[in-house]
Ligand code: TRP
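Residue numbers (this note's numbering): 1 to 336.
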C-alpha cells in the first residue's frame with residue numbers, strides 16, 4: 001500500500017486540565033512532525049463525554065487544549081487543528097465500525113476495564129465503544145501514522161484489526177495499515193506523589209501533576225515538593241526499577257532537556273536530590289513558563305481560537321467527507 005500519503009493523526013481529550021503528561025507524552029512530539037508529514041490534530045470532545053462532563057467546563061477545556069497545542073508549537077498554518085464533534089464523519093464512521101468490531105475484541109481492552117472499574121454495568125455504552133470511535137478518527141482520514149503514548153498501543157492494534165476486517169469483509173483495499181509512533185517510555189509521565197501511577201488530570205492531589213495552566217512559581221513549587229527517596233542518584237537507569245519516583249523525575253528532566261536519561265544519571269551520580277530538584281525546577285520553569293504564558297494569552301483570544309478551530313473543522317471535513325462517501329458506497333448505503 002504505497003499510494004497512501006504519510007498522514008499523521010492524533011488526539012487529546014478535553015477532560016480536565018492539560019498536564020505535563022499531555023505535553024511530554026503527546027503534544028511536544030507532534031511539533032517536529034509538522035514539516036515531514038501532513039498533520040491533523042484533534043480535540044476529541046466526543047471521547048470526553050464517555051464519562052460525564054459539565055457542558056461549560058467541556059467548552060472551556062476544548063479551547064484550552066487547542067490553546068495548549070498552539071502554545072506548544074503546533075502551527076495552525078502547518079497543521080489542521082479542530083474539535084472532533086464538528087466533523088460528522090467521526091461519529092458516522094464510528095457507527096459503521098461498531099458493526100465491524102466484535103464484542104470479543106472490545107472485551108479485551110484494558111483501558112475500558114481500568115476506567116469502568118468494578119461497576120462495568122454502570123459505565124456508559126460510549127466508554128465501551130470508545131476504541132471504535134478512535135479507529136474512526138484515524139481512518140476517516142486514512143491516516144498512516146499515529147503518535148500516541150504506550151498506553152494507547154492496544155487501541156491502535158484494534159484500529160488495524162478493524163481496518164483489516166473491513167477490507168476483507170468488503171473485498172477492498174480501502175483502509176491503510178496504521179503505524180503507531182511511540183515516543184519511548186521516558187515520555188510516560190507519572191504522578192509527582194506516586195511514581196507507580198500515571199500523571200492524571202483526575203488525581204485528587206493538585207501536587208501530583210503540573211498543569212499547563214500553572215504559573216512559574218507553582219511549577220517550581222510542585223517540583224520542589226515532588227516525592228523522592230533518601231538514596232543518592234544512581235549511575236544507571238537500571239538501578240531505578242524499585243525507585244519509581246526518582247525514575248520519573250529523571251525521565252522528566254531528560255524529556256524537558258531533550259537529553260538521554262542515562263546522561264542525566266551520569267551527571268548527578270552519587271548526589272542527593274536537593275541539587276537535582278533545584279535544577280529540574282529551573283529547567284521546568286524555563287521550558288514550560290513560555291508555554292503556559294502563551295496559553296493564558298491565547299485563552300483571552302477566544303475569537304481567534306474559535307476561528308482556528310472552525311477553519312480546522314472545514315479543512316478536516318474536506319478530507320473526511322469524500323472518504324466517508326466511499327465507505328457508504330462500499331457498505332451498500334443508497335445515496336439517492
Ligand atoms: N484515546 C487517546 C488518549 O486518551 C485520545 C485519542 C482519541 C486519540 N482519538 C485518537 C489518539 C486518535 C490518537 C488517535 O490518549
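By construction, the Cβ of each residue, glycine as well, lies at the ideal position given by its N, Cα and C atoms.
Using 6 Å as the cut-off, classify the Cβ of residue i as near or not near the heavy atoms of the ligand TRP, replying yes or no.
i: residue 47; result: yes
i: residue 134; result: yes
i: residue 137; result: yes
i: residue 124; result: no
i: residue 154; result: no
i: residue 10; result: yes
i: residue 146; result: yes
i: residue 337; result: The shown model of the chain, from 1 to 336, leaves out residue 337, and the question about it has no answer.
Count the other CB atoms within 10 Å of the CB of residue i; is the residue buried (16 or more) or exposed (fewer)?
i: residue 265; result: buried
i: residue 119; result: exposed
i: residue 99; result: exposed
i: residue 20; result: buried
i: residue 331; result: exposed
i: residue 269; result: exposed
Quick check: the Cα distance between residue i and residue j, rounded to an integer number of angstroms?
i: residue 210; j: residue 203; result: 11 Å
i: residue 2; j: residue 181; result: Its pLDDT being 37, under 50, residue 2 is placed unreliably by the model, and the measurement read from it follows with that caveat. Approximately 18 Å between the Cα atoms of the pair.
i: residue 51; j: residue 111; result: 13 Å
i: residue 220; j: residue 168; result: 54 Å
i: residue 91; j: residue 45; result: 11 Å
i: residue 233; j: residue 256; result: 18 Å
i: residue 10; j: residue 160; result: 15 Å
i: residue 13; j: residue 276; result: 32 Å
i: residue 74; j: residue 121; result: 39 Å
i: residue 213; j: residue 58; result: 16 Å
i: residue 225; j: residue 142; result: 45 Å
i: residue 85; j: residue 318; result: 15 Å
i: residue 96; j: residue 306; result: 30 Å
i: residue 127; j: residue 116; result: 8 Å
i: residue 4; j: residue 37; result: Because the pLDDT of residue 4 is 46, which lies under 50, any placement of that residue in the model is unreliable, and the number read from its coordinates should be weighed accordingly. Roughly 12 Å separates the two Cα atoms.
i: residue 292; j: residue 285; result: 10 Å
Could you name the residues that DSSP lists as bridge partners for residue i?
i: residue 211; result: 19
i: residue 181; result: 147
i: residue 8; result: 39, 145
i: residue 190; result: 198
i: residue 79; result: 39
Can you tell me which of the options puts its alpha carbon nearest to the alpha carbon of residue i?
i: residue 162; options: 152, 176, 305; result: 176
i: residue 16; options: 237, 64, 39; result: 64
i: residue 326; options: 173, 112, 158; result: 173
i: residue 252; options: 230, 271, 298, 223; result: 223
i: residue 194; options: 237, 216, 246; result: 246
i: residue 25; options: 270, 170, 198; result: 198
i: residue 155; options: 132, 271, 139; result: 132
i: residue 105; options: 72, 158, 115, 83; result: 158
i: residue 31; options: 128, 309, 292, 68; result: 68
i: residue 93; options: 166, 152, 36; result: 166
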